[in-house]
Amino acid sequence: CGLFAIFGHERAAELTYYGLHALQHRGQQGAGIVTSNGKQLSIHKGVGLVRSVFEQQHLSSLKGTSAIGHVRYAAEQDSGFENVQPLLFRSQISSMALAHNGEIVNAFALRSQLEAQGSILQTTSDTEIIAHLIKRGGYLPLEEAIKQALVMVKGAYAFVLLTEEQLYIALDPYGLRPLSIGKIDDAYVVASETCAFDLVGAKYVREVHPGELLIIDKHGLKSTMFASPMQRALCSMEYVYFSRPDSNLNGLNVHASRKLMGKQLAKEAGVEADIVTGVPDSSISAAIGYAEESGIPYELGLIKNRYIGRTFIEPSQSSREEGVKMKLSSVRGIVNGKRVVMIDDSIVRGTTSMRIVRLLKEAGATEVHVRIASPPIKHPCFYGVDTTVKEDLIAAQYSIDEMAKEIGADSLAFLSVEGLEKSLVHEDSNEVGICKACFTGRYPTEIYPKEIYVSEK
Ligand code: 5GP
Ligand code: SF4
Ligand code: MG
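Here it is in structure tokens:
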């Protein structure tokens, strides 16, 4: 999912709308904005892309100088309207709207506890759990109620919460999800990725720190901690696949990181070939890096149809397979008679690679060597990326040789975990601090029993 928030700007709704456009790649199943004019909150949201959810009349009805917005990436079961964020809770004293990116690993336990105590939950969304936990703080000052709630919540979460007069921002103690602060004139903005700042003309200020709760109101910005920060574990898949190449995450540019991954991959798994080609869009940076390091020319062997969404995000396996077919074509004039190194950013189920190897061979490639710019994904993610079922992960089921056969490649190699780590260091050679759990099985947070977790999903 993608988050955007702004406080203290006349064009709050409009800028949030632009911000959500910049974050559209983070979720395409729903979008919503809540604004405040200091006295009351207004909301508009819907299922689908930002451009289809919002029309001019909606933006005009979203009055006020502060706003939060969300684009939603949903699992199959939860893609209905009731789960589209922000969620708005009205009350006599103060209303609040919440939007969240990530996944709570003890959601099942918290939900059971809330239900046992009489809460009636209307959605299957983790955001509602956070809202109920906050509301249980009764008449405590909101800051205290939020802190009490967050102590009970385990997992990955970046969230924004808007009341009539204040904006609250929080990031989980490991900083699993990205979240940055910027400024536009005197107004504060917050976004999942810095590409949203560039679009609205905001200047980057800093990252939200792990375990930090920020309160922004007419007095300015106040920073407090609700938990001691842990060693940062920012999702490495954000760098590998999810984020936009023009974003900087925790101070590191995504395109530059991908290029380094591609170079490292060329060092670790070189092969004789005539051309290097990348799977558009997310693998182009790594393919450029691979070509640069290996000296094999980069070529446009594959073309993407711009009007089809990200395949992975489409809910069911069958629509995913058709999605791949509609999305990519090979360029016969380029690949015919050539030995091709095909770079992709990652393999999850293996559907994409299998299809692309076939496309390249149908177009006359004599050999196709598949090189993956991340390590094999062998373990499920519990932090909000749609691979919670181990049986779906091809690398959890097969050896690399078996996988190569399965996808029809002449050879197959992955970036090593060490190679990934080496690619994600700051200029001062300090590590960025990444989560690698889907590659290593070592999860930064506690993980709750999978049987319970899966039955909940
Ligand atoms: P597969 O086809 O192996 O199941 O998925 C891997 C392909 O899906 C890659 O080409 C990658 O760019 C794309 N992809 C789309 N969404 C995701 C995601 O959330 N995680 C990962 N790892 N890859 C994704
Ligand atoms: Fe990201 Fe993988 Fe960690 Fe999930 S397990 S947060 S996908 S690095
Ligand atoms: Mg891809």
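Quick note on the UniProt record's numbering: the sequence shown kicks off at 12 and runs consecutively. Even for Gly, the Cβ is constructed at its ideal location relative to N, Cα and C.
Fewer than three pairs of CB atoms, one per stretch, sit closer than 8 Å, so the stretch 50-57 makes no contact with the stretch 111-121. Relative to the Cα of residue 46, the nearest Cα in the group 58, 37, 71 and 59 belongs to 71. Here residue 225 is near residue 234, since their CB atoms are less than 8 Å apart.
Residue 243: not part of any alpha helix (DSSP H); DSSP gives it neither H nor E.
Residue 448 has its Cβ nearer than 7 Å to a heavy atom of the ligand SF4. Secondary structure in the stretch 91-122: the beta strand (DSSP E) runs of 3 residues or longer, each lying completely within the stretch, are 98-100 and 107-115 in chain order. Looking at the backbone, the Cα of residue 338 and that of residue 361 are separated by about 16 Å. As the crow flies, the alpha-carbon of residue 444 is around 12 Å from that of residue 431. By the C-beta criterion, the stretch 378-386 is judged to be in contact with the stretch 351-358, since at least 3 inter-stretch pairs fall below 8 Å. The alpha carbon of residue 100 has as its nearest neighbour, out of 281, 189, 133 and 452, the alpha carbon of 133.
As DSSP reads the structure, residue 202 sits in a beta bridge with 15 and 191. Per DSSP, the continuous beta strand (DSSP E) segment holding residue 215 begins and ends at 214-218.
The beta carbons of residue 185 and residue 456 sit about 6 Å from each other, so the pair counts as a contact at 8 Å.
Around the beta-carbon of residue 396, 16 or more other beta-carbon atoms lie within 10 Å, marking it buried. Within the same chain, 295, 298 and 354 come within 6 Å of residue 289 by CB-CB distance, once the 5 residues on both sides are set aside.
In the three-state DSSP reduction, residue 50 falls in the coil class, being neither helix nor strand. If you look at residue 60, you'll find it isn't in any alpha helix (DSSP H); DSSP assigns it neither H nor E. Residue 195 sits away from residue 179, with the two beta carbons spaced by 8 Å or more. Each residue's CA atom was taken as its position, placing residue 421 and residue 37 some 33 Å apart. Residue range 231-236 is occupied by the beta strand (DSSP E) that includes residue 235.
Boundaries of the beta strand (DSSP E) harbouring residue 424: 422-425, taken from the DSSP string. The beta carbons of residue 83 and residue 95 sit about 6 Å from each other, so the pair counts as a contact at 8 Å.
The criterion of a C-beta distance shorter than 8 Å is not satisfied by residue 385 and residue 435.
Distances from the CB of residue 239 to the heavy atoms of the ligand 5GP are all 7 Å or more.
Cβ-Cβ distances below 7 Å link residue 343 to 374 and 375 in the same chain, with the five nearest sequence neighbours on each side left out; the list follows chain order. With respect to residue 142, residue 187 sits apart: the two C-beta atoms are not nearer than 8 Å. Taking residue 291 as the centre and dropping the five residues before and after it, the same chain places the C-beta of 313, 314, 315 and 339 closer than 8 Å to its C-beta, in chain order. Around residue 350, the same chain offers 284, 285, 377 and 378 as residues with beta carbons nearer than 6 Å, after the five sequence neighbours per side are excluded. When only Cα atoms are considered, residue 230 and residue 212 end up about 23 Å apart. Take residue 248, set aside five residues on each side of it, and the residues of its chain with a beta-carbon closer than 8 Å to its own are 357, 385, 392, 396 and 449, in chain order. Residues of the same chain with a CB within less than 7 Å of the CB of residue 176, apart from the 5 flanking positions on each side, are 49 and 228 in chain order.
Look at residue 361: its beta carbon is less than 7 Å from one of the heavy atoms in the ligand 5GP.
For residue 396, no beta strand (DSSP E) run applies, since DSSP gives it neither H nor E.
By alpha-carbon distance to residue 254, the top candidate from 206, 219 and 277 is 206. Secondary structure at residue 41: strand, using DSSP grouped into helix, strand and coil. According to the DSSP assignment, residue 31 belongs to the alpha helix (DSSP H) that extends over 23-33.
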